[in-house]
Amino acid sequence: MAGCKQHTPEALAEKAKVLRKHVISMLGEAGSGHPGGSLSAADIMAVLYWHELRLDVETPHWPGRDRFVLSKGHAAPILYACLAEKGYFPVEDLASLRKIDSHLQGHPDMRQTPGVEASTGSLGQGLSIANGMALAGKMDNADYRVYALLGDGELQEGMVWEAAMTSAHYSLDNLAAIVDYNRLQIDGTVQDVMGLKGVAERFRSFGWAVVEIDGHDITQILAALDLARGTKGRPTAVVAHTVKGKGVSFMEDQVGWHGQAPNAEQVQVALGELAGGKE
Amino acid sequence: MAIMKATRDAYGETLVELGKENPHIVVLDADLSASTKTNGFAKAFPKRFVQMGIAEQDLMGTAAGLALAGKIPFASTFAMFATGRTYDQIRNSIAYAGVNVKIAATHAGVTVGEDGGSHQMIEDIALMRVIPGMTVIVPADFIEATAAVKAASAFEGPVYLRLGRGAWPVIFPENYNFQLGKAALVQDGDAATVIACGVMVGKAQEAAKLLADFGIKIRVLNMATIKPVDKEAILKAAKETGAIVTAEEHNVIGGLGSAVSEVLGEGWPVPFERVGIQDVFGRSGSPDELLEHFGLTAKTVADAVKRVIERKK
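If you read the sequences in order, they're chains A and B.
The letter at position 214 of the first sequence is residue 244 when you use this note's numbering, and the numbering goes up by one with no holes.
The letter at position 205 of the second sequence is residue 1057 when you use this note's numbering, and the numbering goes up by one with no holes.
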């Protein structure tokens, strides 16, 4: 089943809004979790799941499917919102996030949640997993593509750069890494915690095709993924500049909302903003 | 004189054999393919060999991804780097996810020799054993290593295979029937039991000969699968022989000795001693000098047996 490419950019933006509402509600119910980096990735995820990824929800393990690896596993809520909206499990399950009897673990667990392709959460490991999937695709002459979403803070893990070498060395043009560059991590700005200037140049120097975009502009996300799909002989890095907490005014660009759940009142305010179409 | 062959050679040769039978088998190495013996597979099946360079964390993560896409990856490097440097990757990307990756680590223990303590991995069994769902196998000789590689390949789930650098005596016959999770009776006796793995199985056999000269007949069990450990064989040995000594080329903390003592402590406590590395790091020297230096000898095992027999009284 091909990706549902009939969606207009406007429809994808609407979908992202639905995903954001799920994130807020889920975290409100859970009482813990990571809103900032889930909201920053919402537009990217909407485009991936409703435009780019070739999936068959009825046959989750269809060998020909595209693969998505959430390397920044703490953004699990946005992934779960996508999978529920796609129909991998009931939307009502989202309210069970992080609960003792839930299949929705604090970080993605492929053994528990339908549609999750890799267990992640310990940062830095997703690109290697994605490389392995892409290498297998090359060995099998399969035409599926592999996508990994990484955090900018996550790029401080040395293993990411081991993997970045591998992607380029093996000319994995069936792979794209998207960096959710929201500029914040737990202890402060990425720049203050461990300076990370020139991410695009770094990937370029490793032999990757690189495109820098506004990670909230649906048209730019679509164009970047098109470009990645059309790039031959090397992997593509999409450096997506985003705003952490995007869509909820009091969370936007606030370090404190990395790993803190909104209380009931904050949930109402946030849902109100998202319903009102406030940007 | 017994025939001397290295378990890593068994690994390399068996990989080529398996590669012919099963197109899903892929092999990854981190710039050590000549030493881990994966170079034979690389030559025979270049498209199914993935050179990862000196990047072991990426090695394990990539192996996980290959397995998730339907391959049966064997990921190889030295035991030091295969488990120490990559614990988190093995724990989270492989074991937590229950991914079908075979970690085949060579150059385990002090028999690495001259390279010294930095390269002599004596904690790998412990590290792998504590990971839920991990199977841990330590073959004792070339024949058993061949069988263990095949068994690991056929088994669905993560496996840690501990292989040695040096040529060790071939103990088992060609038709040896390796069973995952089962101890193998090397020789029977009733005065005490030595439960050994790896290079120490041969030493335990020698110890049995030394003791036979004193009229002491011991049982020797080869415990190749350290996890899941063969509880039944351990308890049977405890009940029938009344005293147990373990012998391993590994820290006495966390390895075979610990696994056996856990079973005995809960099930049937008997006089017990652990022969192994006494919680110290290795050093340079020839493999034989190092085995002597760290007390990994037939005499050490025999002396321990005498002590536990004494404690039975």
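C-beta atoms are modelled at their ideal positions from N, C-alpha and C, and glycine is treated no differently.
Pairwise C-alpha distance: Q186 (chain A) and I946 (chain B):
22 Å
Unbroken stretches of the alpha helix (DSSP H), 4 residues or longer, contained in the segment 225-305 of chain A
229-235, 248-260, 294-305
Who are D210 (chain A)'s beta bridge partners in DSSP?
A:G181, A:A270
Name, in chain order, the residues that DSSP records as bridge partners for Q221 (chain A).
Paired residues: none, contrary to the question.
Candidates A:R175, A:V121, A:D210, A:G225: closest to G260 (chain A) by CA position
A:R175
For E1092 (chain B) and T1098 (chain B), I'd like the C-alpha separation in whole angstroms.
16 Å
What three-state label does DSSP hand Y1012 (chain B) in the structure shown?
strand
Find the residues of chain B that neighbour T196 (chain A), judging by a C-beta separation of less than 7 Å, and give them in chain order.
M904, D910, T914
Check whether the Cβ atoms of E68 (chain A) and N944 (chain B) sit closer than 7 Å, and answer yes or no.
Residue 68 (chain A) is actually Ser in this sequence, not Glu. Cβ distance not < 7 Å, so S68 (chain A) and N944 (chain B) don't count as in contact.
Reference L1116 (chain B); option with closest CA among B:A1095, B:G913, B:G1106
B:A1095
Under DSSP, the alpha helix (DSSP H) around F930 (chain B) begins and ends at which residues?
Careful: F930 (chain B) lies outside any alpha helix (DSSP H), inside the beta strand (DSSP E) at 924-930.
Just how far apart, CA to CA, sit K923 (chain B) and Y79 (chain A)?
26 Å
Bridge partners - K954 (chain B), DSSP secondary structure assignment:
B:F926, B:V1011
Using a cut-off of 7 Å between C-beta atoms, extract the partners of Y948 (chain B) located in chain A.
S149
Pull up the DSSP beta-bridge partners for A921 (chain B), would you.
DSSP lists no partner for A921 (chain B).
For M31 (chain A), which of helix, strand or coil comes out of DSSP?
Low confidence applies here, because M31 (chain A) scores a pLDDT of 41, under 50, leaving its location unreliable; read the following figure in that light. M31 (chain A) falls in the coil class under three-state DSSP.
Cutoff 8 Å; reference A1089 (chain B); Cβ partners in own chain excluding five residues on either side:
T1045, I1047, R1071, L1073, I1096
Can you find the residues in the same chain that come closer than 6 Å, C-beta to C-beta, to A1019 (chain B), ignoring five residues on each side of it along the sequence?
M856, K857, A858
For the segment 1055-1065 of chain B and the segment 997-1014 of chain B, state whether three or more C-beta atom pairs, one from each stretch, are separated by less than 8 Å.
no
On the premise that I1023 (chain B) lies in contact with V1053 (chain B), defined as a C-beta separation below 8 Å, what is that separation, rounded to the nearest angstrom?
6 Å
Can you tell me whether T1098 (chain B) is helix, strand or coil according to DSSP?
strand
I want to verify the contact list: residues of chain B whose CB lies under 7 Å from the CB of A160 (chain A), in sequence order.
G917
Anyone know if the C-beta pair for D244 (chain A) and H288 (chain A) falls short of 7 Å?
no
For the beta strand (DSSP E) that contains L880 (chain B), what are its first and last residues?
877-881
Anything in chain A within Cβ reach of G1018 (chain B), meaning under 9 Å, just list it in chain order.
Going along chain A, no residue has its Cβ under 9 Å from G1018 (chain B), so there is no contact; the nearest lies around 30 Å.
Applying a beta-carbon distance threshold of less than 7 Å, which residues of chain B neighbour A114 (chain A)?
Ordered by position in chain B, no residue passes the 7 Å Cβ test against A114 (chain A), which lies about 21 Å from the chain.
Can you give me the C-alpha to C-alpha distance between A32 (chain A) and D861 (chain B), rounded to a whole angstrom?
Reliability fails at A32 (chain A), whose pLDDT of 44 lies under 50, so the model's placement of it is uncertain and the value that follows must be treated cautiously. Approximately 47 Å, taken between the alpha carbons.
Grab me the residues of V902 (chain B)'s own chain with a C-beta within less than 6 Å of its C-beta, minus the 5 sequence neighbours each way, in chain order.
L880
Under 7 Å between C-beta atoms of M973 (chain B) and Y1012 (chain B):
no
DSSP on P984 (chain B), reduced to helix/strand/coil?
coil
Take the Cβ of H52 (chain A) as the centre, count every other Cβ of all protein chains shown within 10 Å, and call the residue buried at 16 or more, exposed below.
buried
Report the residue from A:N171, A:K129, A:S197, A:D182 whose alpha carbon sits nearest the alpha carbon of A160 (chain A).
A:S197
Compare the beta carbon distance of M189 (chain A) and G154 (chain A) with 7 Å and say whether it is the shorter of the two.
yes
Note the first and the last residue of the continuous alpha helix (DSSP H) segment covering H1081 (chain B).
Checking the sequence, you will find Val at residue 1081 (chain B) rather than His. Note, V1081 (chain B): premise wrong, no alpha helix (DSSP H); not H, not E.
Please name the residue in A:G94, A:I108, A:P93 whose C-alpha comes closest to that of L100 (chain A).
A:I108
Distance CB(A193 (chain A))-CB(L226 (chain A)) smaller than 7 Å
no
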